[in-house]
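Peer 1: Before I ask anything, let me first share the structure, which is written out below as structure tokens.
Residue numbers (the numbering used here): 12 to 307.
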């Protein structure tokens, strides 16, 4: 009986466990509730015991069902990885490499990687989307690129595989003429929040209603990091910038580093990761590009 078990049954089992009801699992899988119920009943008959307790309003995993859930996930992930690898091998070298890159990623390192890519794959054109926050992920989710380099969005989207690339230091800065520049020692959130904070905005809707590292009630939201950089030097507010972008300004005195107490949701920098859809990994060119970005 167990040999007749199918991946479709396991996917239905996982959906029912994750969604909390057979009807919700049906909506997720685009199937009728009766089909979900029948599929799960057949699976229970094959394993020889109940996977769900059905006495309440909503089905609950039995102890045995909970024990099998992670194994089911592993089996489905393994098959997805197998199919993704087979697809990549069948496709061969990509005709074009499309990559979405976080604006916080060091531009010198990105430029060096693109130069090396051009030498390694001279016949493969490259297309870059340079964005921030959710707008880095959107081209990946829309199928317009195979790889996204994220950092300003502090979470990995569902359905994506991730690998760490590097850390980018971030600093809070102001112009020398700004009132916060005269303060010494750690600046409390409340005091920093009394001044205009310059914040990058998301060109996508993925982070709508959410803020990352915003401390001030007075915010100017800019979709362009270059504009934010210029506004900071003009004394129009304070904000966080990747250290590599403002090192020259700090050295020349055009900007001043301020010690703002770290926000609970903001660390001392950005952790850069390369992500791709689990069922659509990069081909040989994309894989080479990601590996090159990881090199010192």
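We put the CB at the ideal spot given by N, CA and C, even for glycine. Values in this document were obtained by computation on a predicted structure and should not be read as measured data.
#1: If you run the structure through DSSP and keep just helix, strand and coil, what is residue 19?
#2: On the DSSP bridge list, what partners appear for residue 250?
#3: Using a Cβ-Cβ distance cut-off of 8 angstroms, determine whether residue 124 contacts chain B.
#4: Ordered along the chain, which non-local residues of its own chain (more than five positions away) have a Cβ less than 6 angstroms from that of residue 282?
#5: Inspect the beta-carbon positions of residue 183 and residue 140 and report whether they are closer than 8 angstroms.
#6: Indicate whether the contact test is met: 3 or more Cβ pairs, each with one atom in the stretch 103-119 and one in the stretch 289-298, closer than 8 angstroms.
#7: Measure the C-alpha to C-alpha separation of residue 255 and residue 180 and round it to an integer number of angstroms.
#8: What would DSSP say about residue 114, mapped onto helix, strand or coil?
#9: Would you list, in sequence order, the uninterrupted alpha helix (DSSP H) runs of no fewer than 4 residues that lie entirely inside the stretch 42-89?
#10: Residue range of the alpha helix (DSSP H) that residue 215 falls in?
#11: Using alpha carbons as the reference points, say which of 114, 301, 78 lies closest to residue 239.
#12: Run through DSSP, which three-state label would residue 258 get?
#13: Compare the Cα-Cα distances from residue 199 to each of 168, 227, 173 and report the closest residue.
#14: Measuring from the CB of residue 112, is there a heavy atom of the ligand GTP at a distance below 7 angstroms?
#15: Would you kindly check if the distance between the Cβ of residue 229 and the Cβ of residue 210 is under 8 angstroms?
#16: If we count the other Cβ atoms within 10 Å of its Cβ and call it buried at 16 or more, is residue 41 buried or exposed?
#17: Grab me the residues of residue 138's own chain with a C-beta within less than 8 angstroms of its C-beta, minus the 5 sequence neighbours each way, in chain order.
#18: Could you name the residues of the same chain whose beta carbon sits closer than 7 angstroms to that of residue 21, not counting the 5 residues immediately before and after it, in chain order?
#19: Please check the pair residue 217 and residue 148, which I expect to be a contact at CB under 8 angstroms, by giving their CB distance rounded to whole angstroms.
#20: What residues in its chain sit with their C-beta under 7 angstroms from that of residue 23, if we drop five residues either side in the sequence?
#21: With DSSP as the reference, please indicate the residues paired to residue 175 in a beta bridge.
#22: State buried or exposed for residue 300, treating a residue as buried only when at least 16 other CB atoms are found within 10 Å of its CB.
Peer 2: Checking against the coordinates, here is how it stands:
#1: helix
#2: 184
#3: The question asks about chain B, but that chain is absent: this structure has only one protein chain.
#4: 178
#5: no
#6: yes
#7: 8 angstroms
#8: coil
#9: 44-58
#10: Counting along the chain, residue 215 falls outside any alpha helix (DSSP H), and DSSP gives it neither H nor E.
#11: 114
#12: helix
#13: 227
#14: This structure simply doesn't include the ligand GTP, nor any ligand for that matter.
#15: no
#16: exposed
#17: 107, 108, 109, 110, 156
#18: 83, 86, 87
#19: 6 angstroms
#20: 36, 40, 47, 50, 51
#21: 284
#22: buried
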